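Input: a single structure, listed below in structure tokens.
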Amino acid sequence: MTGERVMSRLIDTHAHLDLLAEEGIAVADAVARAREAGVERIITIGIDLESSREAVRISEAHEDVFAAVGIHPHDSADYQSHTERELRALASHPRVVAIGEVGLDYYRDRSPRDRQRIAFRHQLDLAADLGLPVCIHCRDASQDMLRILTEHARKPETMVLHCFSGDERLAAKMIDIGCHISLAGPTTFKNAMDAAQVARSIPLERLLIETDCPYLAPVPHRGKTNEPALLPLIAQRVAELRGIPLADVARATAANARDVFDLP
Ligand SMILES: [Zn+2]
Ligand SMILES: [Zn+2]
């Protein structure tokens, strides 16, 4: 790790720390390595009630870690009023900084699409109600996503499209309605033409970065287990693609993350 990277002070806005254990990585070790790599804050994200509870527990145990609670589109088939009651209770915890991840996934279609839309709308309303930002997952569902966000977003500047995988045109539309866009490991992949163009096109003040660990490890770790300590590789690639210093990417994305998630 170079001196410049250590000085970078990055924020990983989307990590699944609870899933690292399944990969044989202790959360405490991952958090320590992240800090050494210059990643000073991590937001760990829930995908269902159990992982949301775990996200809160992890955030209590590590001062660099904050939590988001929410039901992923894959798990939205059984989203019910008691689900929402528990999310609301979890979200009152002082370490919870966002609702997420929520959204639409028409690629895997693990929950019926109408149920996905219902759970998504409900959680957007919940977030607005609680005054929290939202971490949004969208795969192969950009038309419905745009429509729902346009109708429901009471505070679009607190919407974060995580691990953005669309093209430059979609990024522009999302930015138009006020969203922030978060880039992950695929930005470093060699064949990722769209990702490279998107990384160049997003206004710096709307840009965030994340690992989405344990998935989508950046090059040269592609295919292996990802963790927050690898975030500097993503920041470095974004800096190269934009032709600006790494320090500028670090400063801007960390300031944006602090703003959106109201982090200390
Ligand atoms: Zn996701
Ligand atoms: Zn995720």
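This note's numbering numbers the first residue of the sequence shown as -4 and each following residue consecutively. By construction, the Cβ of each residue, glycine as well, lies at the ideal position given by its N, Cα and C atoms. Fair warning: this is a prediction, and the values are worked out from it, not measured in the lab.
Start and end residues, alpha helix (DSSP H) containing residue i
{"i": "residue 94", "result": "Segment 91 to 100 is the beta strand (DSSP E) holding residue 94; no alpha helix (DSSP H) there."}
{"i": "residue 82", "result": "76 to 86"}
{"i": "residue 233", "result": "226 to 237"}
{"i": "residue 117", "result": "108 to 125"}
{"i": "residue 193", "result": "188 to 196"}
{"i": "residue 165", "result": "163 to 171"}
{"i": "residue 144", "result": "137 to 147"}
{"i": "residue 254", "result": "241 to 256"}
Limits of the unbroken beta strand (DSSP E) element including residue i
{"i": "residue 134", "result": "129 to 134"}
{"i": "residue 175", "result": "175 to 178"}
{"i": "residue 8", "result": "5 to 10"}
{"i": "residue 204", "result": "202 to 204"}
{"i": "residue 61", "result": "60 to 64"}
Local Cβ density within 10 Å of residue i, reported as buried at 16 or more and exposed below that
{"i": "residue 36", "result": "buried"}
{"i": "residue 153", "result": "buried"}
{"i": "residue 98", "result": "buried"}
{"i": "residue 24", "result": "exposed"}
{"i": "residue 73", "result": "exposed"}
{"i": "residue 11", "result": "buried"}
{"i": "residue 75", "result": "exposed"}
{"i": "residue 8", "result": "buried"}
{"i": "residue 94", "result": "buried"}
{"i": "residue 49", "result": "buried"}
{"i": "residue 107", "result": "exposed"}
{"i": "residue 175", "result": "buried"}
Option in the options with minimal Cα separation from residue i
{"i": "residue 14", "options": "214, 158, 46", "result": "46"}
{"i": "residue 211", "options": "187, 199, 196", "result": "187"}
{"i": "residue 257", "options": "3, 63, 92", "result": "92"}
{"i": "residue 158", "options": "234, 183, 245, 259", "result": "183"}
{"i": "residue 213", "options": "178, 21, 85, 79", "result": "178"}
{"i": "residue 104", "options": "17, 96, 67, 142", "result": "67"}
{"i": "residue 166", "options": "226, 121, 191, 249", "result": "191"}
{"i": "residue 140", "options": "80, 128, 161, 124", "result": "161"}
{"i": "residue 40", "options": "259, 130, 168, 219", "result": "130"}
{"i": "residue 231", "options": "106, 206, 86, 80", "result": "206"}
{"i": "residue 169", "options": "143, 241, 219", "result": "143"}
{"i": "residue 134", "options": "96, 31, 233, 254", "result": "96"}
{"i": "residue 69", "options": "114, 200, 59, 236", "result": "114"}
{"i": "residue 202", "options": "145, 112, 255", "result": "255"}
In DSSP terms, what residue i is bridged to
{"i": "residue 199", "result": "DSSP, once it has assigned bridges, lists no residue as partnering residue 199."}
{"i": "residue 156", "result": "131, 176"}
Inset, instruction - Run through the region 16 to 58 for me and flag every whole alpha helix (DSSP H) of 4 or more residues, listed as ranges in chain order. - result: Restricting attention to alpha helix (DSSP H) runs no shorter than 4 residues, the region 16 to 58 encloses them at 22 to 31, 44 to 56, ordered along the chain.
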